[in-house]
Ligand code: ACO
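In my numbering, the protein residues as written are 13 to 413.
In structure tokens form, the structure reads like this:
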């Protein structure tokens, strides 16, 4: 307990809420979460229904426009996206500056920020047409830039987007296709990736979306705002958790080491946490984890993958769900516990996992950025602080210190 009275005589009242555990920073009509009941809805539609019946691109339209599209609206949207999938030719040179083993998230963040240096015709944040064009460009180019980050990191030449394919297939081709061998994709791979994109598309005021809004509140252009979201997503407590989960499962190595891992995670003198467990808002099972768990088993059996890491994951899930420490704190597996296993089965390398998350979350980030600019009277975001530093003191010259 800090005595702040002497420091705060005349500043009025404000709340001290570290980590914003109970502070709503904005009103929003995009996504609803009930963490106690494990409910997630985009624009009022339950995530379970969207996961079963919709596609990522339709969900992106829904998030951006508030309603599901009819056939004509969807065709127009898809057409707009398809027209903007290419990277500027000079953008390709930009990659040459990166070290060959740069992390794809580092390249992605820098590349997306650089889009404002390539496109100057959509940067008036107060113009709805400019905002719409930037939204389309970002959704269209994210898979192209992401695939380029991957191919650059393994020394392969970039692939141009094949615009006769739909969104997820187009991305998988840009990632994996080589000129002499046409890529044979199992439909279950594209479906699984589309599902993961739907589940990751938005999650109201999480750290990266709040970052996009905070940067957006300054009037920064859309590319700068979304690039800030990408960097916030990268941390292992947020979107970086999917990469961290896989590294953790590899580190545990075999089901018989799970007990030791659980013990370590409970030890307060050990920094080790079970990655992919716990959530700030869900104090019940993460509804996305339920959906993805099922898909995870389907993908592995369809592709005939026998991954020992899955045995470790299942044992870990079982052990944690029975353990008093995890039960009392309501620490359930979250969406990222399973997504990495699917990505691995699809042949996506571990360093690309958070990039995959970023492609999907771009839909939500832009929807929030647009909502923020459409809301009259939006103010610059400016959190306050409780000052706990030194009292006033006088400067002493360096000889006297
Ligand atoms: N393993 C072990 N203990 C944990 C874990 C975990 N994964 N998560 C939380 N705890 C414990 C904390 O030590 C704390 O214990 P205490 O009450 O004895 O001090 C208690 O549970 C509450 O944890 P907080 O850190 O206060 O919860 P917070 O809401 O701040 O953090 C977070 C949520 C960051 C997700 C946390 O659970 C975590 O680090 N999980 C692992 C990383 C992860 O999976 N992140 C992905 C989140 S989902 C996403 O971004 C898409």
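By construction, the Cβ of each residue, glycine as well, lies at the ideal position given by its N, Cα and C atoms.
Opposing strand residues paired with residue i [DSSP bridges]
i           : result
residue 134 : None, per the DSSP bridge assignment.
residue 230 : Answer by DSSP bridge pairing: none, since residue 230 is not bridged.
residue 57  : 54
residue 263 : Note: residue 263 sits in no beta bridge, so no partner.
residue 32  : Partner(s): none; residue 32 has no beta bridge.
residue 43  : 54
residue 289 : 345
residue 193 : 190
Close Cβ partners of residue i (< 8 Å) along its chain, the five nearest in sequence each way excluded
i           : result
residue 13  : Since pLDDT at residue 13 reaches only 47, below the 50 mark, its modelled position is unreliable, and no value is offered.
residue 213 : 54, 68, 71, 72, 75, 372, 373, 375, 376
residue 79  : 55
Cβ-Cβ separation, residue j to residue i (assumed contact under 8 Å), whole Å
i           : j           : result
residue 378 : residue 230 : Not a contact, Cβ separation roughly 17 Å.
residue 299 : residue 42  : 17 Å between Cβ atoms; not a contact.
residue 208 : residue 351 : 6 Å
residue 167 : residue 112 : 7 Å
residue 280 : residue 319 : About 32 Å separates the two Cβ atoms, so there is no contact after all.
residue 125 : residue 239 : 4 Å
residue 385 : residue 174 : Residue 385 to residue 174, Cβ: 33 Å. No contact.
residue 314 : residue 198 : 7 Å
residue 210 : residue 40  : Actually they do not touch by this definition, with Cβ atoms about 19 Å apart.
residue 157 : residue 123 : 5 Å
Same chain, Cβ closer than 7 Å to residue i, five either side skipped, listed in chain order
i           : result
residue 405 : none
residue 48  : 295, 296
residue 81  : 70, 73, 89
residue 115 : 363
residue 160 : 99, 107, 170
Close Cβ partners of residue i (< 6 Å) along its chain, the five nearest in sequence each way excluded
i           : result
residue 303 : 63
residue 26  : 396
residue 475 : There is no way to answer for residue 475, as the model of the chain reaches only from 13 to 413.
residue 163 : 170
residue 278 : 337
residue 312 : 357
residue 155 : 183, 371
residue 85  : none
residue 227 : 237, 240
residue 390 : 384
Residue i Cβ short of 7 Å to the ligand MG heavy atom set
i           : result
residue 291 : Ligands in the displayed structure: the ligand ACO; the ligand MG is not one of them.
Open item on the list: Assess contact between the stretch 317 to 330 and the stretch 262 to 276, defined as three or more Cβ pairs (one per stretch) separated by less than 8 Å. Is contact present?
Closed with: yes
TODO: Specify whether the stretch 284 to 294 and the stretch 239 to 258 touch according to this definition: at least 3 beta carbon pairs, one from each stretch, less than 8 Å apart.
DONE: yes
- [ ] Please list the segments of the alpha helix (DSSP H) lying wholly inside the stretch 332 to 381, counting only runs of 4 or more residues, in order along the chain.
- [x] 336 to 340, 347 to 357
TODO: May I have a chain-ordered list of the beta strand (DSSP E) segments no shorter than 3 residues that lie completely inside the stretch 144 to 191?
DONE: none
Task: the stretch 198 to 209 in contact with the stretch 88 to 104 per 3-pair CB rule at 8 Å - done: no
TODO: With a floor of 4 residues, list each alpha helix (DSSP H) that falls wholly inside the stretch 68 to 124, ordered by position along the chain.
DONE: 68 to 77, 83 to 94, 101 to 108
Open item on the list: Assess contact between the stretch 340 to 351 and the stretch 302 to 319, defined as three or more Cβ pairs (one per stretch) separated by less than 8 Å. Is contact present?
Closed with: Output reads yes: the stretch 302 to 319 touches the stretch 340 to 351.
Task: Touching by the beta-carbon criterion (3+ pairs, under 8 Å), the stretch 360 to 368 and the stretch 327 to 336 - done: no
Open item on the list: Taking 8 Å as the cut-off, does the stretch 351 to 362 touch the stretch 39 to 58 (at least 3 CB pairs, one atom from each stretch)?
Closed with: no
Open item on the list: Between the stretch 208 to 225 and the stretch 97 to 111, can you find at least three pairs of beta-carbon atoms closer than 8 Å?
Closed with: No, the stretch 97 to 111 does not touch the stretch 208 to 225.
- [ ] Could you tell me whether the stretch 139 to 156 touches the stretch 189 to 198, where touching means 3 or more Cβ pairs closer than 8 Å?
- [x] Here the stretch 139 to 156 makes no contact with the stretch 189 to 198; the two share fewer than three CB pairs at distances below 8 Å.
Open item on the list: Does the structure place the stretch 137 to 147 close enough to the stretch 233 to 243 that three or more beta carbon pairs sit under 8 Å?
Closed with: yes
TODO: Evaluate the contact criterion for the stretch 119 to 132 versus the stretch 181 to 188: three or more CB pairs, one atom per stretch, below 8 Å.
DONE: no
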